[in-house]
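Worksheet: the structure to be examined is printed underneath.
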């Protein structure tokens with residue numbers, strides 16, 4: 006049997022092995038890009054399905070915009086182009102040809118008049134369309150979402166967490182007032198936070214980014230920050246109040262009720278396949294992936310234990326009824342009667358894949374009208390009466406979902422430390438990690454110095470941070486509230 010790395014020994018290697026064992030994704034031959042395998046993509050589809058419904062409930066419609074963006078569009082918003090310039094993949098030619106030696110080469114005569122940027126984010130090309138879609142106050146608010154892939158040229162990549170190409174959704178909205186746009190940005194942050202906690206079982210801190218960490222071209226960036234099991238932070242989602250920056254850059258105006266032309270107010274917001282990385286690192290253990298039931302592609306795996314065809318037939322008849330009952334209750338079930346694999350192999354396989362509940366049933370269980378039910382989160386087993394087992398399983402799935410969230414909350418509480426001095430800050434960062442709650446003087450200069458010296462960044466200024474007079478841990482200057490520092494992915 007293969008020996009796998011323990012989480013406590015090498016967290017990074019452990020993370021990669023969990024992905025490999027569960028069959029979620031693999032590196033492709035294209036540097037920095039990944040292949041998302043069917044089981045991993047099924048998790049993304051579950052996430053996408055829930056989020057898409059939430060977006061539509063809040064009045065958004067799906068659309069699709071081009072993958073290629075003219076370079077001149079990016080140039081229109083100065084902060085935006087500066088923020089993304091180093092990550093852009095650029096298309097310069099539109100044709101290949103065969104050379105005299107038979108080699109396939111780029112045709113030098115097929116140079117584009119204007120280079121095209123492979124979409125790193127879509128604000129510019131979407132606002133070019135919004136210019137044509139918005140004329141008067143009757144066209145507002147305009148609330149669009151796009152499910153797409155984006156490309157950001159990353160030098161150091163890690164499956165799901167940071168890849169050159171990744172999948173995401175990006176919402177883009179236009180509003181008649183500043184207040185309405187801010188309300189939209191805050192609403193979508195809450196949609197993300199509710200989804201991540203309720204479905205992923207991953208607790209988050211809602212906050213705003215500092216000016217240095219803000220999205221390029223935004224007036225304000227709202228974020229949700231989660232803590233992974235190694236104490237590092239993960240930015241799980243962002244929602245941006247863009248002010249009138251893109252409206253002015255693309256001259257998007259509307260006529261108000263008096264006929265006066267005004268620039269619209271904007272937001273954008275997004276989450277990506279990085280959430281799968283967060284899911285893995287929040288719950289998984291040395292035996293492999295641990296999935297919250299609400300997002301698990303397979304919620305219940307039923308494994309028959311038998312020696313003869315007659316025994317399998319009798320078990321199959323019994324299980325067919327249970328499977329039907331569970332499916333009617335919205336539970337995804339697999340009955341694994343593949344006789345090419347032994348039960349022990351199947352147990353290990355479903356454990357590595359993070360399947361929340363496993364049911365084992367053999368001839369003796371049939372006689373006793375019982376079955377063994379194992380839960381993935383605590384790795385405990387119970388012998389359960391067959392009558393009423395479907396209700397037991399449904400209740401157990403809810404219990405597992407709640408347990409994963411509560412366990413993650415306890416971990417975050419235990420690893421959130423308030424400090425009063427820079428020496429204490431460095432000691433906690435080095436010896437314990439996690440979130441560090443500390444006073445900061447509000448200057449980018451102090452923020453950058455702390456980052457340079459410790460590699461810790463301000464993850465957010467929590468929205469629920471209390472007004473509290475104090476002194477900045479680095480400069481000693483006055484501070485009115487604490488912020489959260491951490492090392493991050």
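Residue numbers (the working numbering): 6 to 494.
A virtual CB, placed ideally from N, CA and C, is assigned to each residue, including glycine.
Beta-bridge pairing of residue i - partner residues as DSSP gives them
i	result
residue 386	379
residue 290	293
residue 178	148, 272
residue 444	487
residue 339	306
residue 480	Note: residue 480 sits in no beta bridge, so no partner.
residue 153	173
residue 163	167
residue 32	39
residue 126	Paired residue(s): none; residue 126 is not in a bridge.
Span of the beta strand (DSSP E) around residue i
i	result
residue 40	39–41
residue 243	238–248
residue 88	Counting along the chain, residue 88 falls outside any beta strand (DSSP E), though it belongs to the alpha helix (DSSP H) covering 83–89.
residue 277	270–277
residue 123	116–123
residue 225	225–232
residue 493	Counting along the chain, residue 493 falls outside any beta strand (DSSP E), and DSSP gives it neither H nor E.
residue 103	101–103
Beta-carbon proximity of residue i to residue j, cut-off 8 Å
i	j	result
residue 365	residue 308	yes
residue 229	residue 198	yes
residue 299	residue 204	yes
residue 461	residue 237	no
residue 212	residue 251	no
residue 27	residue 358	yes
residue 291	residue 16	no
residue 410	residue 202	yes
residue 152	residue 67	yes
residue 120	residue 97	yes
residue 438	residue 420	yes
residue 244	residue 270	no
residue 254	residue 209	no
Status (buried if at least 16 other CB within 10 Å, exposed otherwise) for residue i
i	result
residue 160	exposed
residue 495	This structure cannot settle anything about residue 495, because the visible part of the chain is limited to 6 through 494.
residue 145	buried
residue 150	buried
residue 124	buried
residue 418	exposed
residue 176	buried
residue 332	exposed
Any non-hydrogen atom of the ligand HEM closer than 7 Å to residue i Cβ
i	result
residue 437	In the structure shown, the ligand HEM is absent, as is every other ligand, since no ligand is present at all.
Range of the contiguous alpha helix (DSSP H) that encloses residue i
i	result
residue 319	314–333
residue 78	76–80
residue 357	348–357
residue 471	Here residue 471 belongs to no alpha helix (DSSP H), and DSSP marks it neither H nor E.
residue 399	394–419
Three-state class that DSSP yields for residue i in the structure shown
i	result
residue 308	strand
residue 369	helix
residue 139	coil
residue 467	strand
residue 94	strand
residue 298	helix
residue 255	coil
residue 265	coil
residue 215	coil
residue 8	coil
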